[in-house]
Amino acid sequence: MSEELKDSRSLNFIEKIISDDIANGKHAGKVHTRFPPEPNGYLHIGHAKAIVVNFEIAKKFGGKTNLRLDDTNPTTEETHYVENIKKDINWLGYEWEGEERYASDYFEQLYEYAIGLIKKGMAYVDDSTPEEIAEMRGTPTVPGKNSPYRERSVEENLRLFEGMRNEEFPDGSKVLRAKGDMSSPNMHMRDSIMYRIKHEHHHRTGDDWCIYPMYDFAHGQSDSIEGITHSLCSIEFENHRPLYDWYIDKLEIFPSRQIEFARMNVSYMITSKRKLKKLVDEKYVSGWDDPRMPTLAGMRRRGIPPKAIREFCDEAGVAKRTNVIEIEKLEYNTRQVLNKTTARVMAVLNPLKVVITNYPEDKVEYMETVNNPEDESMGSRKLPFSRELYIERDDFMIDPPKKFFRLGPGRNVRLKSGYILHCEDFKTDDSGEVVEVYCAYYPDSKSGEDTSGVKAKGVIHWVSVAHAKDAEVRMYDRLFTDPTPDAHEGKDYLEFFNEKSLEVITAKVEPALVEVEPGRRLQFMRKGYFCVDTDSTKENPVFNLTISLRDSWKK
RNA sequence: AGACCCAUAGUGUAAUGGUAGCACUCCAGGUUUUGGUCCUGUCAGUCAAGGUUCGAGUCCUUGUGGGUCUGCCA
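So for the first sequence, my numbering puts the first residue at 6; every next one is plus one.
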């Protein structure tokens with residue numbers, strides 16, 4: 006199980022309800038939640054929120070959380086998705102109670118429940134066409150009409166429903182409906198469809214069934230069967246709650262309680278399955294796990310630690326109003342975790358050569374440098390230092406402003422864990438571009454044993470030319486240029502695709518970096534946090550920018 | 001249009017009917033061999049109008065704004 010999240014905050018509204026339930030002895034104080042994804046796609050940041058809410062709330066009250074795949078629609082669901090869903094939840098840091106469950110585990114029980122309702126005269130087989138049913142349903146303002154098949158006898162309904170199960174009827178020819186109230190202002194109460202005929206292969210039950218229950222006649226019943234005490238779902242199911250309760254009441258089964266909360270939206274991200282799929286299909290991104298994608302697979306590859314996602318979701322809070330959390334919050338949580346856990350390494354993203362004119366040609370020194378100033382236990386290592394170094398092109402200016410603390414003609418700068426340099430000259434090419442910088446070093450200014458008395462305001466990173474290795478670095482930025490790309494009427498979200506969301510560069514890195522394993526997270530000193538990509542090899546190391554360091558420098 | 005739900009700084013989220021707080025962002029400073037981290041500070045809020053009350057962000061009414069619902073999807 007995951008590390009404890011901060012426990013200082015006050016209870017959210019769901020926790021208050023549960024807290025009251027416990028105080029009142031409801032369900033003998035037991036708390037049991039569930040995460041019920043449909044196995045027809047990949048999990049994204051929105052699912053992460055639901056996962057964190059369900060697992061953390063249960064944990065907080067000493068309860069359990071089930072994983073249940075809501076597989077009642079055989080046409081869209083696949084085993085392949087199940088495996089990815091399980092992997093993503095585990096990666097996020099959670100373990101569900103026992104084995105994962107499936108709504109399809111309960112098909113027989115659900116069938117029995119339906120028979121029970123028919124026997125009570127509360128359900129009937131309807132021969133109407135889909136069009137007729139839609140027509141008779143009415144609209145929110147006009148009451149619906151009763152189906153002409155509504156008053157069939159219990160015996161006939163029983164016989165017909167059994168016939169449905171026994172493959173006697175073609176797809177779409179009949180449905181089983183709950184006898185609700187066709188004049189209810191709540192559309193879900195207007196004789197909700199319980200079963201439809203689909204002669205299709207199911208990923209788990211194979212060809213055992215040709216009738217499948219609808220969400221409304223499967224979800225709440227599954228909750229009940231599993232003894233779910235608090236069924237937490239998103240706000241769009243609010244209108245389903247009367248039906249959820251109606252079935253529990255008529256079926257006389259364990260009374261799970263549905264509580265709705267607002268789904269989480271994040272700026273610059275979209276979570277629409279259809280829109281995400283289009284990005285993949287039309288090659289805007291490399292796949293569902295492209296590091297720019299808001300999928301858990303994408304964020305994992307990007308290098309965002311699961312703990313950061315947990316804290317982000319937890320700190321975003323739980324309430325009922327529509328929200329858009331600023332992506333800056335996720336970035337904050339990401340940096341927060343990475344700052345404490347990653348080793349600092351030297352990597353020059355945009356190299357400029359520096360020659361130390363008074364340093365011997367063939368001398369090599371090994372400079373001791375601490376791996377993580379935030380965590381002494383991470384130790385230190387040695388960096389090769391020589392006469393020619395790469396520094397960041399941004400760290401040199403021909404004519405720098407006064408507040409620029411880096412290198413410029415006549416200026417001093419400290420090389421991190423090295424010497425202080427004094428810039429004496431530089432060389433440009435025909436276009437005026439600086440191609441080489443010439444410096445002198447102060448031999449008695451070595452890091453840790455500096456007796457020079459020389460002042461240097463800035464500190465820059467570097468790597469020895471003779472020892473540097475090339476590495477592919479994928480610089481990622483937000484996928485979209487607009488905080489709410491899919492909320493503009495008349496404008497397609499693809500218009501906001503950020504063409505600069507990926508830039509591939511070749512960096513000069515310290516030699517040890519070609520040995521790192523995929524998945525490893527590092528801080529490139531003064532630049533940002535990076536993660537070794539799954540494409541990475543010793544011959545061609547690949548790093549993904551997770552998130553840059555904050556940069557408060559401006560002219 | 002009818003039903004249901006929601007409304008607190010830029011963003012998100014708190015506040016038994018009793019001092020509107022926290023976090024992120026922004027801005028300003030301090031520390032720093034990362035212009036990072038850390039620390040301090042500033043700016044900034046109860047949708048509107050009535051009502052109940054000694055007292056309303058909280059309760060009531062109306063309005064305004066937003067969300068969900070008219071799949072044999074979940």
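Built from N, CA and C at the ideal position, the CB exists for glycine as well.
Output needed for residue 132: all residues of its chain with C-beta closer than 6 Å, excluding positions within five of it in sequence on either side, in chain order. Counted from its first residue, the first sequence places residue 132 at position 127. Excluding sequence neighbours, residue 132 sits near 154, 179.
What's the call for residue 76, buried or exposed, on a 16-neighbour Cβ count within 10 Å? The count along the first sequence starts at 1 and reaches residue 76 at position 71. Buried: at least 16 other Cβ atoms inside 10 Å.
With respect to the alpha helix (DSSP H) encompassing residue 169, which residues constitute its N-terminal and C-terminal limits? For this step, residue 169 is matched to residue 164 along the first sequence. First-last of the alpha helix (DSSP H) with residue 169: 159-170.
With three or more beta-carbon pairs closer than 8 Å as the criterion, would you say the segment 465-479 touches the segment 407-427? yes
Reference residue 181; option with closest CA among 68, 128, 152: As a working note, residue 181 is residue 176 in the first sequence. When only C-alpha atoms are compared, the closest one is 128.
Pick out the complete beta strand (DSSP E) segments inside the segment 55-142, 3 residues or longer, and give them in chain order. 69-74, 128-131
Starting from residue 513, follow the beta strand (DSSP E) in both directions and report where the run begins and ends. Locating residue 513 in the first sequence gives position 508, counting from the first residue. Residue 513 -> beta strand (DSSP E) spans 507-514.
Compute the distance between the beta-carbons of residue 561 and residue 96, then report whether it is under 8 Å. Residue 561 cannot be examined here, being either before or after the span of the chain that is shown, 6 to 560.
Start and end of the alpha helix (DSSP H) containing residue 248? Taking the first sequence and counting its residues from 1, one reaches residue 248 at position 243. Note, residue 248: alpha helix (DSSP H), 246-256.
Boundaries of the beta strand (DSSP E) in which residue 199 is found, first to last residue: Within the first sequence, residue 199 is the residue found at index 194, counting from 1. Counting along the chain, the beta strand (DSSP E) containing residue 199 begins and ends at 198-202.
By alpha-carbon positions, which one of 16, 506, 280, 305 ends up nearest to residue 92? As a first step, residue 92 must be located in the first sequence, where it is residue number 87. It is 305.
So the candidates are 398, 335, 78, 46; which of them puts its Cα closest to the Cα of residue 215? Residue mapping note: residue 215 aligns to position 210 of the first sequence, counting from 1. Among 398, 335, 78, 46, the Cα nearest to that of residue 215 belongs to 78.
Helix, strand or coil, according to DSSP, for residue 448 in the structure here? By 1-based counting over the first sequence, the position of residue 448 is 443. Of the three classes helix, strand and coil, the one that applies to residue 448 here is helix, per DSSP.
Around the Cβ of residue 434, are there at least 16 other Cβ atoms within 10 angstroms (buried) or fewer (exposed)? Taking the first residue of the first sequence as 1, we reach residue 434 at position 429. Per the 10 Å Cβ criterion, exposed.
In this structure, does DSSP put residue 275 in helix, strand or coil? Counting from one through the first sequence, the residue named residue 275 turns up at place 270. It is coil, neither helix nor strand.
With 16 other CB atoms within 10 Å as the buried threshold, where does residue 365 fall? Here residue 365 corresponds to residue number 360 of the first sequence, with the count starting at 1. When all chains shown are included, residue 365 counts as exposed.
What did DSSP end up calling residue 554 once you bin it into helix, strand or coil? If you number the first sequence from 1, residue 554 lands on position 549. Residue 554: coil per DSSP, three-state reduction.
Is residue 8 buried or exposed, if buried means 16 or more other CB atoms sit within 10 Å of its CB? For the purposes of this step, residue 8 is identified with residue 3 of the first sequence, where counting begins at 1. Note on residue 8: pLDDT 48, under 50, position unreliable in the model; the coordinate value appears next. Residue 8 should be labelled exposed.
How about residue 308 and residue 551: are their beta carbons less than 8 Å apart? Counting from 1 along the first sequence, the entry for residue 308 is found at position 303. Counting from 1 along the first sequence, the entry for residue 551 is found at position 546. Result yes, Cβ atoms of residue 308 and residue 551 sit closer than 8 Å.
Pair within 8 Å by beta-carbon distance, residue 478 and residue 512: Position 473 of the first sequence, counting from 1, holds the residue named residue 478. Position 507 of the first sequence, counting from 1, holds the residue named residue 512. A contact, by the Cβ cut-off of 8 Å.
Take the Cβ of residue 287 as the centre, count every other Cβ of all protein chains shown within 10 Å, and call the residue buried at 16 or more, exposed below. One-based indexing of the first sequence puts residue 287 at position 282. The residue in question, residue 287, is exposed, as its Cβ has fewer than 16 Cβ neighbours within 10 Å.
Out of 81, 345, 34, 224, which one is the CA nearest neighbour of residue 44? Against the first sequence, residue 44 aligns to sequence position 39. Checking every option, the nearest Cα to that of residue 44 belongs to 81.
Contact check, residue 102 vs residue 71, beta carbons under 8 Å: Counted from its first residue, the first sequence places residue 102 at position 97. Counted from its first residue, the first sequence places residue 71 at position 66. Contact: yes.
Could you give the DSSP three-state label for residue 440: helix, strand or coil? As a position in the first sequence, residue 440 is number 435, starting the count at 1. Strand at residue 440.
Strictly by DSSP, which residues pair up with residue 393? Within the first sequence, residue 393 is the residue found at index 388, counting from 1. Its beta-bridge partners are 360.
Around the C-beta of residue 284, are 16 or more other C-beta atoms found within 10 angstroms, so that it is buried, or is it exposed? Mapped onto the first sequence, residue 284 falls at position 279. Buried: at least 16 other Cβ atoms inside 10 Å.
Pick from 195, 201, 196: whose alpha carbon is nearest that of residue 174? Translated into positions along the first sequence, residue 174 becomes position 169. Closest option to residue 174, Cα to Cα, is 201.
When you compare the CB positions of residue 268 and residue 109, do they come within less than 8 Å of one another, or not? The residue labelled residue 268 in the question sits at position 263 within the first sequence. The residue labelled residue 109 in the question sits at position 104 within the first sequence. Against a cut-off of 8 Å, the Cβ pair of residue 109 and residue 268 comes out as no contact.
Under 6 Å Cβ to Cβ from residue 188, same chain only, skipping five residues before and after it: list those, please. If you number the first sequence from 1, residue 188 lands on position 183. Around residue 188: 148.
Three-state secondary structure (DSSP) at residue 21? Position 16 of the first sequence, counted from the start, is the residue given in the question as residue 21. Reduced to three states, the DSSP call for residue 21 is helix.
What do you get for residue 371, buried or exposed, if any count of 16 or more other CB atoms within 10 angstroms of its CB means buried? Here residue 371 refers to the residue found at position 366 when the first sequence is read from its first residue. Exposed, because fewer than 16 other Cβ atoms sit within 10 Å of the Cβ of residue 371.
Roughly how many angstroms lie between the CA atoms of residue 361 and residue 352, to the nearest whole one? In the first sequence, residue 361 corresponds to position 356, counting from 1. In the first sequence, residue 352 corresponds to position 347, counting from 1. Each residue's Cα considered, the two are about 19 Å apart.
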